[in-house]
Amino acid sequence: MRGLLALLVALAVSAALISVAVALGSLPYLAGPPPPPKPPAPAAHPEGSGRLLTREEKETLLSVLRRDSFLAPYLSRSNWTVKNLDQLRVYPGSKVEALVELAEPQWIEGLETPKYRASMWARTLIVTVNLTAGRVERVEAVPTRPPRDTPLSPRLEEARRVAASHRLVQSLGPSVNLYLVAVYHSGEYPGGLAVFSAFSDKGEVLVAVDLATMTVVERYTSPVYTP
0 MRGLLALLVA
10 LAVSAALISV
20 AVALGSLPYL
30 AGPPPPPKPP
40 APAAHPEGSG
50 RLLTREEKET
60 LLSVLRRDSF
70 LAPYLSRSNW
80 TVKNLDQLRV
90 YPGSKVEALV
100 ELAEPQWIEG
110 LETPKYRASM
120 WARTLIVTVN
130 LTAGRVERVE
140 AVPTRPPRDT
150 PLSPRLEEAR
160 RVAASHRLVQ
170 SLGPSVNLYL
180 VAVYHSGEYP
190 GGLAVFSAFS
200 DKGEVLVAVD
210 LATMTVVERY
220 TSPVYTP
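Numbered by numbering that gives the first Met the number 0, the letters in the sequence shown go through residues 0 to 226 in order.
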């Protein structure tokens, strides 16, 4: 039962964090609690438009993932798997969309989308591979709360103090954990938008801080609603 509760909390946190990314203009998923959206999955394709991968294509997929210059540092640090490998399909253009699951969350740096750049704690990566070209074409990540607190730069420590003073964080009581989970850079926030997870036995709150002005951005700040 304890493991199931931990899983539900993790999914709720990821969903609420994804809503921030959605609002910043990337992932095409419904935004934010309540209720939280489902974690992102590979893009939907018309049923029957793809076929199951052959054994050779599975081997090619794994080889491309291991050799990719962006992914390799993260994959080499811990065990990892491709979820539902036997059910993956190849679509027109030799495209395969795979969910790469890391053994534990890692700090992923340099994620690029048309709308923003981001660095974040993540355990699940959404990877698009072109089998014919033998290359990774796109990497997205599902943000999640880190397993432990980590040292921050002076600027991010200042942002954490700003987040700690917010009324929603104060409502969690005197014993609150406050972890950095992601930093986004976009046209609207060129100086960066830091997202923190504040949690205690009373609940959890996500707080976004504009690093340029060191102020809380209310539209990206909300409680996390667990099932």
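For glycine and all other residues, C-beta sits at the position ideal for the given N, C-alpha and C.
Spatial distance of R88 from R50 (CA atoms): Taking the first residue of the sequence shown as position 1, residue 88 is located at position 89. Taking the first residue of the sequence shown as position 1, residue 50 is located at position 51. Distance from the CA of R88 to the CA of R50, rounded to the nearest whole angstrom, comes to 5 Å.
Just the Cα atoms here: how many angstroms apart are Y219 and A207? The residue labelled residue 219 in the question sits at position 220 within the sequence shown. The residue labelled residue 207 in the question sits at position 208 within the sequence shown. Approximately 6 Å, taken between the alpha carbons.
For V216, collect the residues of the same chain with a Cβ closer than 6 Å to its Cβ; drop the 5 residues on either side in sequence, then sort them by chain order. For the purposes of this step, residue 216 is taken as residue 217 along the sequence shown, with counting starting at 1. These residues qualify, in order along the chain: A207 and D209.
Go ahead and label K37 buried or exposed: buried means 16 or more other beta carbons lie within 10 angstroms of its beta carbon, across all protein chains shown. Stepping through the sequence shown from its first residue, residue 37 is reached at position 38. With a pLDDT of 43 at K37, under the threshold of 50, the modelled position of that residue is not reliable, and no figure is offered here.
Would you give the residue range spanned by the beta strand (DSSP E) that Y178 belongs to? Working through the sequence shown from its first residue, we reach residue 178 at position 179. Y178 -> beta strand (DSSP E) spans N176 to S185.
Give me the Cα-Cα distance between L124 and V204, rounded to the nearest whole angstrom. Against the sequence shown, residue 124 aligns to sequence position 125. Against the sequence shown, residue 204 aligns to sequence position 205. If I take the Cα positions, the gap works out to 24 Å.
What did DSSP end up calling Y224 once you bin it into helix, strand or coil? Here residue 224 corresponds to residue number 225 of the sequence shown, with the count starting at 1. Correct three-state label for Y224: coil.
Straight-line gap, E96 to L70 (C-alpha atoms, nearest Å): In the sequence shown, the residue the question calls residue 96 occupies position 97. In the sequence shown, the residue the question calls residue 70 occupies position 71. Cα to Cα, E96 sits roughly 15 Å from L70.
Are the CB atoms of E136 and V128 nearer to each other than 8 Å? As a position in the sequence shown, residue 136 is number 137, starting the count at 1. As a position in the sequence shown, residue 128 is number 129, starting the count at 1. Yes, these two residues count as a Cβ contact at 8 Å.
Are the CB atoms of A193 and V182 nearer to each other than 8 Å? Taking the sequence shown and counting its residues from 1, one reaches residue 193 at position 194. Taking the sequence shown and counting its residues from 1, one reaches residue 182 at position 183. Yes. Within cutoff.
Under the three-state DSSP convention, the category K94 falls into: Taking the first residue of the sequence shown as 1, we reach residue 94 at position 95. Strand at K94.
Taking just the CA atoms, how far does T59 sit from D148? As a first step, residue 148 is located in the sequence shown; it is residue number 149 there, counting from the start. As a first step, residue 59 is located in the sequence shown; it is residue number 60 there, counting from the start. Taking C-alpha positions only, D148 is separated from T59 by approximately 37 Å.
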